[in-house]
Each structure stands twice: as C-alpha cells, then as structure tokens.
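The sequence shown maps to residues 192 to 683 in our numbering.
Virtual Cβ for every residue (Gly too), placed ideally from N, Cα, C.
Values in this document were obtained by computation on a predicted structure and should not be read as measured data.
Here's the structure, in structure tokens; my notes come after.
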Amino acid sequence: MTMGKWWTLLAVCLATFMLLLDVTIVNVALPSIQTSLGASLTSLEWVVDAYALALASLLLISGSLADRYGRRRVFRIGLALFTLGSLACSLASSATVLVVSRALQGVGGAALFATALAILGQEFTGQARSRALGVWGAAVALGLAVGPLAGGLLTDLFSWRAIFFVNVPIGAIAFLLAGFRLGESRDPEGTPLDWPGALTFGLALSTLTFALVEGNTRGWTTPIIVGSFLVACASGALFVKLEAARRGLFDLSLFRRRTFDAATLGVLGQGFVIGPLLFYLVRYLQEVLGASPLRAGAEVFPMTITCFGAAILAGRATSRVPLRLLLALSLVLLGCGTLLMLFVSERTSWVVLLPGLLVGGAGWGAVNPIAAEGALSSVPAEHSGMASGINNTSRQVGIAIGLGALGAVFQQRLQSVLMSGVAKRRLPLPPGATKLAARGGLAQAAASVPPAARPAFEAAGRAASTAALHGVLFVGGIGAAVAGVVIAFLCE
C-alpha cells in the first residue's frame, strides 16, 4: 500500500470516526439535554431521529452527486456542513433549534457516509481493500467506543454542549487533509440525477418515522397519524415504481444479487436494534440506576470495546469465510446479547448487563466491515457510490424506524405499567402527573406529587421504566436474531 493510499485511508477514517463518535456521545448526554432544555421524551427521540432521517433521506442522492460531480468534492462539502451543524448544536437555545441543527449535521453526514466507502472502493482492490475496510470498520468501532466515555466526561466536566463542539476541530483537520491528500474520482457514465426518486424516498421515510415517533403522543387513530401512514405507503409505492422504470437513484437490479441483499439486510437489522438500545439503555442507567453521565458511559464501555475488536477481526475474515456465515453469526450474536440484557432491573446492579454488552458488542461491530465488503464486492467499481449510499442508507433507515417503532413500544409499555402501579398503590396524584411521567418527565412528575406519596410514585416509575426497557430489548433482540437466520439462507 503506497503512502498516498494511506493518506486517503486516514482522511476517510478520521471523518468516519467523527461521525460515529457523534452517535454514542449524544446518547450519554440526552438526560442532561432534557433537563437543560426542558425537552420531552418525544423531543429527545427527534434529536436522534432528525440526524438519522436526514442521513437516510439524502444518502442515495449524495452517492449519485458524488459519482457525477466528484467524490472528493462531495466529501469536503459534507465535512463543512457537518462541522457547521455541530457548532450550531453546541449553541442551541431550545429543543427545536437542537433538532434542526441535528438535521443539518445529518445533511453533512449523508455526504460523508455516501462517499467514504466509494472512495475506499475506488482506491483499493482485492486483499488491500479487505484490509482497508477492516481499518475503516475499526474507525467506526473506535468512534463508537470512545463516544460514551467522552460524552460522559465532557458532560460532567463542562456541559452537554461540549459534546457537539468537540466535532469542530476534528472536522476542520479532516477538511484540510481531504483538500491536500484525497484524489478525485467519479462515475464516467455521468447518469442524470434522480430528484423525483430522492423526494419520494425522503417523503416516505419521513412520514413513516413521524407517525411512529408521534403516534403515542398524538394518538394512533388521529387524522395526522393515519394520514402520515397513508402518505408513507403511497410515496413508497411511487418511489419503487419510479426506480423500476429507469436507472435512477436506486438501481433495483442490485437486489438480484444475494450478497448485496444480505449486506443490506445486515445493516438494516443492526440499525434497528442499536439505535433504540443505546438511546434507552443509557437513559435507564442514569435515571433508574442513578449513574452519572461519566459512569453511564463507563458502564456501556465494555460493549464498545468488543465492538471495536470484532470489527478488526471481521474485516480480516471477509476474504476467508463466506459472507453469509459471518453476517448471520454477527446478527445472531447481536440478538442474543440484547436478550441477555433482560436480566437487568431496578433492583440489580449494572453488572448483570455485562454478558449481554460483551456478546452484543461483538455482533454489532462485526456487521460493519462484513456488510461493507458485501456491498462493494457485488457491484462494478463505477457504481460504488450507489452501493455505498444504499449500504449506509439501510443502516440509517434501520435506526430511524427502529427508534420510532421501539420507541412506541417503550412509551406504550411505560404508560401501561405506570398507570397500573399507581392504581395498585392508590396514590393521590395531581392531574396529569401520570401522563407527564409516561412522556419521559418522571422527575418533574414526582416533584408535583405530595411528599408522602412521592417514594411510592418513584418506585412505580422505576418499575415501569424497567418493564418498558425490557419491551425494547425483547423486540430488538428477536428482530436481530431473525435477521441473522434470514441472511443464513439468503446469501449463496
């Protein structure tokens, strides 16, 4: 591998590290953000989903833009937007401003994710590409691994705003490095941009996620939620029809390749589980088990460590072991690890989570390099931008839908168990206290309860939070395991 290629790998991995650092670093700070900005649980979900939605909606068109106008150019634009979005997040004065700023981060992140694998696929081939993807997977895992500790440390020492500001110098360095060291590449065919496809895909995903996230709060049968589901179905069907009629944003012929199908399903299943798992588990450690942000970051650190190690080993194994077996095993490990976490409760220590964290982390980390190799090796080099975009889009779609769907499970379970616990204890509560607690404001609701009833109300809240977390863990764990079994029979 020449020195020039090493510089390319360094620039791509630095940007990737920054993006993935932002994923786990934010989850640790969410309770502090809620307290500081007075945000509801639904607003916190949007802080995560706004980023994932922007990423998922724009990844495909970003891949096409990169293929047509140059991957280096789009990569640097993405770096600039992500860095500016991070600065805006650090200065946000309300939950709404933070959500909008997170969406700007997602726009920049879409350009970075869409071009990262494409640049590596263009620069490296054969064994060298397998090694490069292993290093890239390690950068992904390292960003995820450092995130919880860095987020906890920055939040404890400074404030939640520091977790966003830390991206600014990293982004600036990566921007300069990309300007001097990255070579330009593009698709020689220069296919037209598919704006109708981008709009219909973005509309379908956005309305579906809106319905899932807001359904519990607004009511599942209200006109706006039912209408959102209908718009999602109609725009999704129109998107498929548009893409089947011509070569556009989403080349449906790629899904005739079973290796590509397996890679797509792998990252989709990974995102569906990991997004909600990190969101609700870190919140549970702080709000129910009483951990500080730094301690919560340290408690999930074992998961990110095995994630890091598995990414390195899996990257090396892709040239020796069938992708079908590697991906299936990775998803089953993720599912089993998630299910092992069901032993945690408000009466246990976080230590009971360790087996699940270690096993689940291994499955989580292994998926990234395996799926990346499957996506890139199954398409011609000139279509690597589209393959990269679809691969990363699938992960973000999984996160957005997973957080919406499992968030609905969490809120429904929380409200049901809390109301049952309050009724059983016959607590004298002010109007709206139970509803406020069910929406994520347990501390605020407890403060409004008469002092004599407060300990019993808090106990009911902790029990309800445990039941809600168990619902997320069960559905997510089964979903990941089923995805692994499907992959085992899908990819030849």
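- Rounded to the nearest whole angstrom, the CA to CA distance from F355 to K615 is 43 Å.
- G328 and A562 have their C-alpha atoms some 10 Å from each other.
- For G528, the enclosing alpha helix (DSSP H) covers residues 514 to 531.
- Taking C-beta atoms as the reference points, G554 and L525 count as a pair closer than 8 Å.
- Pairwise C-beta distances place the region 457 to 474 in contact with the region 236 to 244, as three or more of them are shorter than 8 Å.
- DSSP places R352 outside both helix and strand once states are collapsed to three, so it counts as coil.
- The residue among F601, L544, I581 with its C-alpha nearest the C-alpha of V666 is F601.
- Around the CB of G229, fewer than 16 other CB atoms lie within 10 Å, so the residue is classed as exposed.
- A residue is called buried once 16 or more other Cβ atoms fall within 10 Å of its Cβ, and T316, having fewer, is exposed.
- With respect to the 8 Å criterion, A501 and G556 are classified as neighbours on the basis of their beta carbons.
- P513 and R447 have their C-alpha atoms roughly 18 Å apart.
- By alpha-carbon distance to G528, the top candidate from I669, S223, R267, V298 is I669.
- Distance between R474 and I592, taken at the CA atoms: about 19 Å.
- A distance below 7 Å between beta-carbons, with the five flanking residues on each side excluded, links C204 to the following residues of its chain, in chain order: V326, W327, A330.
- Residue burial is scored here from C-beta neighbours: S585 has at least 16 other C-beta atoms within 10 angstroms and is therefore classed as buried.
- When secondary structure is reduced to three states using DSSP, W411 falls in the coil class, being assigned neither helix nor strand.
- When rounded, the separation of the alpha-carbon atoms in L429 and L476 is 43 Å.
- Across the structure, V570 and A659 are spaced so that their CA atoms are roughly 42 Å apart.
- In the displayed model, T497 falls within a helix according to three-state DSSP.
- For S607, the secondary structure class from DSSP, reduced to helix, strand or coil, is helix.
- Nearest to L235 by C-alpha distance, out of V291, A423, L221, is L221.
- Contact between A206 and L270 is confirmed by a C-beta separation of about 6 Å, below the 8 Å threshold.
- The beta carbon of L664 sits closer than 6 Å to those of T529, M532, L533, all from its chain and outside the five residues before and after it, given in chain order.
- Pairing L212 with V288 gives a Cβ-Cβ distance that is not under 8 Å.
- In the displayed model, S255 falls within a helix according to three-state DSSP.
- The beta-carbon distance between L251 and F392, rounded to whole angstroms, is 7 Å. This is short enough to meet the 8 Å contact definition.
- Non-local C-beta neighbours of L272 in its own chain, meaning closer than 6 Å and more than five positions away in sequence, comprise V298, G299, ordered along the chain.
- With contacts defined by Cβ atoms closer than 8 Å, F349 and L303 do not form a contacting pair.
- Exclusion of the five residues before and after Y471 leaves F601, L660, V663 as the residues of its chain whose Cβ lies within less than 7 Å of its Cβ.
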